[in-house]
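In UniProt numbering, the protein residues as written are 1 to 163.
Think of the CB as a built atom: it goes at the ideal place given N, C-alpha and C, for glycine as much as any other residue.
The structure under discussion appears below in the form of structure tokens.
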Amino acid sequence: MNKSKNDIDCSFKEDGKWFRYRAAAIIIEDGCVLFAKNELDDYYYSIGGGVHLGETTEDAVKREVLEETGVEYEIDRLAFIHENFFNGTGTLDGLKCHEVAFYYIMKPRGTQKLNSNSYVQGVREHMHWLPIDKLHQYIAYPTFFREKLLNIKDGVEHIVTHF
Numbered sequence: 001m002n003k004s005k006n007d008i009d010c011s012f013k014e015d016g017k018w019f020r021y022r023a024a025a026i027i028i029e030d031g032c033v034l035f036a037k038n039e040l041d042d043y044y045y046s047i048g049g050g051v052h053l054g055e056t057t058e059d060a061v062k063r064e065v066l067e068e069t070g071v072e073y074e075i076d077r078l079a080f081i082h083e084n085f086f087n088g089t090g091t092l093d094g095l096k097c098h099e100v101a102f103y104y105i106m107k108p109r110g111t112q113k114l115n116s117n118s119y120v121q122g123v124r125e126h127m128h129w130l131p132i133d134k135l136h137q138y139i140a141y142p143t144f145f146r147e148k149l150l151n152i153k154d155g156v157e158h159i160v161t162h163f
């Protein structure tokens, strides 16, 4: 899916700060959760991306999942709202970052088979199924997945992290 000129992410940079409104997926199959990793960074990150102006987080997460995995997933439910404050690296190097993300649990499909051919800013992304009970062995963001995915609670949990 190609981004058109009308698809503007809800994000901005100003005075050494960066903000993004993000929708992300929690895709679990056979005790593993799906993460992405690109060819430049040394860490794994959750599936998802910026919400476009005028787009709901539900529509954004379904669009992002399809773009990154090549597969249409259905939403089960909203599980986490994450306010994340961190110091930027890579393309955000030197910026104080603030991200608000809605994490949706997606309905399992019964298979880890994907049809991914994803690129972000010209860099190839690869999909990785990481065992939930071994997430502490990986540099994977968000880090709250290590604890929270072992025992997902009913309802929506609000999480704030400062790095």
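- Taking the Cα of LEU135 as reference, the smallest distance to any Cα among MET127, HIS126, GLU125, LEU149 is reached at LEU149.
- Boundaries for LYS134: no beta strand (DSSP E) harbours it, and the DSSP string shows neither H nor E there.
- Under the 10 Å beta carbon count, ILE26 is surrounded by 16 or more other beta carbons and is classified as buried.
- Rounded to whole angstroms, the separation of the alpha carbons of MET106 and ASP30 is 14 Å.
- For TYR103 and LYS13, the gap between their C-alpha atoms comes out near 23 Å.
- Across the structure, SER118 and GLU67 are spaced so that their CA atoms are roughly 7 Å apart.
- Around the beta-carbon of LYS17, fewer than 16 other beta-carbon atoms lie within 10 Å, marking it exposed.
- Counting the other Cβ atoms within 10 Å of the Cβ of LEU53 gives fewer than 16, which makes it exposed.
- A distance of 8 Å or more separates the beta carbons of PHE145 and THR161.
- Counting along the chain, no alpha helix (DSSP H) covers ARG22; the unbroken beta strand (DSSP E) around it starts and ends at 17-26.
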